[in-house]
Amino acid sequence: MSWLHPTYLWFLTGGIAVTLLAVWAAWQRRRTAERFGRASTVQQLARSVQPARRLTRSVLLVMVVTLAAVALAGPRLGTRVQEVERKGVDLVIALDVSQSMLAEDVAPNRLERAKNEIKLLVDELSGDRVGLVLFAGDGFVQCPLTTDYDAVRLFLDVAEPSLIPTPGTNFESAFRAARQAFDRTRPDTTGRQPRSRALLVVSDGENHEGDIDDLQGMAEDRGWKVFSAGVGERDGAPVPEMQDGRRMGVKRGPDGSVVRSRLDETALTALAESGAYFRIARTSSALSDLTSALNRLEKSSFGVERFEEYDEYFQWPLGLALILLMAELAILERRSTT
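Counting the sequence shown from 1 gives a position; the working numbering is that position plus 19.
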């Protein structure tokens with residue numbers, strides 16, 4: 020036998036506590052009776068009280084508390100080894116963390132909105148391996164491909180422009196980092212490389228670097244399906260000037276004019292020629308549609324996971340405790356005198 024919550028076994032001391040309280044209450048009643056008068060007289064006056072019933076109720080209450088503690092700890096019996104084959108696609112998400120992603124034409128800003136939408140996307144995935152690449156003027160692998168979606172969310176939380184001091188939006192650096200993430204993966208269980216690989220580029224697309232045709236050729240040669248998501252509005256917004264994590268105003272050009280960042284959908288649409296383009300706007304987002312697109316791709320086997328499965332038996336002590344509790348409540352300490 021094993022326990023689902025072994026730390027809850029200390030609740031078994033509750034049965035001991037109830038026993039001690041019952042003994043203390045009986046002692047107190049005896050002392051009170053002795054102070055009241057002669058034992059024979061007290062017994063005559065309290066002849067309707069049934070000590071045996073009182074003792075039975077106390078025993079039942081101790082058993083109820085003990086059985087409830089056992090149920091809470093979760094007794095488990097039997098062990099079965101289950102095997103589950105994990106299938107899916109490899110998805111690398113390249114997130115733009117350049118300064119223009121701090122523009123606030125979508126709330127609270129483009130970068131935070133993108134991070135929230137990616138988290139919602141990850142919540143809808145099942146079995147796929149996900150990696151995270153951060154890029155601006157340069158790029159690097161923030162999180163390698165993994166099925167641990169909680170790890171992906173943690174790496175997303177710390178993504179910010181200060182991680183990449185090189186300014187700009189270099190799509191080529193994003194593709195190079197994505198290639199590193201894909202090349203680190205192991206072959207599938209058939210000995211081949213995973214058959215379906217998808218790259219999602221999340222950016223505002225402004226002031227991008229890298230030849231789109233060359234990047235499309237790289238993706239085609241390596242069998243990637245490229246998707247993109249544009250964050251922001253076409254009319255744009257000023258780019259905040261940040262210092263030590265605090266906003267110090269807005270960026271200004273050499274002539275003193277406010278630098279305004281606008282969503283460039285042309286580049287992002289061209290980048291996703293083999294896949295699809297999704298828009299993350301002020302009041303709507305189409306990124307959730309990526310899940311359907313990934314489901315249409317051929318799945319690869321990432322291996323077989325083995326885990327132990329137990330038969331849960333908490334319901335038996337819990338059910339018995341409820342029956343004994345009802346029995347305890349049904350027993351009257353005094354017999355009817357009518």
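Even glycine gets a Cβ: it sits at the ideal position worked out from N, Cα and C.
Its Cα nearest to that of L144, the residue T165 stands out among T165, G158, A133, V160. Across the structure, E225 and S280 are spaced so that their CA atoms are roughly 7 Å apart. Ranked by Cα distance from A256, the first of F154, S293, D283, P70 is D283. Excluding residues up to 5 positions away in sequence, G33, G34, V37 lie with their Cβ nearer than 6 Å to the Cβ of V84 in the same chain. Counting only the Cα atoms, W29 lies some 12 Å from A90. Checking the DSSP bridge columns, you'll see F159 partnered with L153. R265 is classed as exposed because its beta carbon has fewer than 16 other beta carbons within 10 Å across all chains shown.
When DSSP reads this structure, N189 sits in a beta bridge with E228. Contact annotation: E136 and G187 have beta-carbon atoms that are not nearer than 8 Å.
Contact fails between the stretch 122-132 and the stretch 232-241, because fewer than three Cβ pairs, one in each stretch, are under 8 Å apart. Taking A340 as the centre and dropping the five residues before and after it, the same chain places the C-beta of V83, L86, A87, A90 closer than 7 Å to its C-beta, in chain order.
For R271, the three-state secondary structure derived from DSSP is strand. C-alpha of V277 to C-alpha of D109: approximately 41 Å in a straight line. The criterion of a C-beta distance shorter than 8 Å is satisfied by S293 and E239.
When C-alpha distances from R132 are compared across F154, G251, A312, S311, the shortest belongs to G251.
Taking a 10 Å sphere around the C-beta of Q262, we find fewer than 16 other C-beta atoms and assign the residue as exposed.
Listed in chain order, the non-local C-beta contacts of L79 below 7 Å within the same chain comprise L343, A346, E347, local neighbours out to five positions each way being set aside. Around the beta carbon of D202, fewer than 16 other beta carbons sit within 10 angstroms, so the residue counts as exposed. Per DSSP, P25 lies in no alpha helix (DSSP H) segment and is marked neither H nor E. Shown here for L139: same chain residues with a beta carbon closer than 7 Å to its own, the five before and five after excluded, namely S307 in chain order.
The secondary-structure analysis by DSSP pairs K244 across a beta bridge with A217. CA-to-CA, the gap between M120 and L316 works out to about 30 Å. The shortest CA-to-CA distance from M267 to any of G150, V258, G275 is the one to V258. The beta carbon of A170 is closer than 7 Å to those of C162 in its chain, skipping five residues each way along the sequence. In this structure, S117 places its C-beta atom within 8 Å of the C-beta atom of P180. The Cβ-Cβ distance between Y296 and S247 falls below 8 Å.
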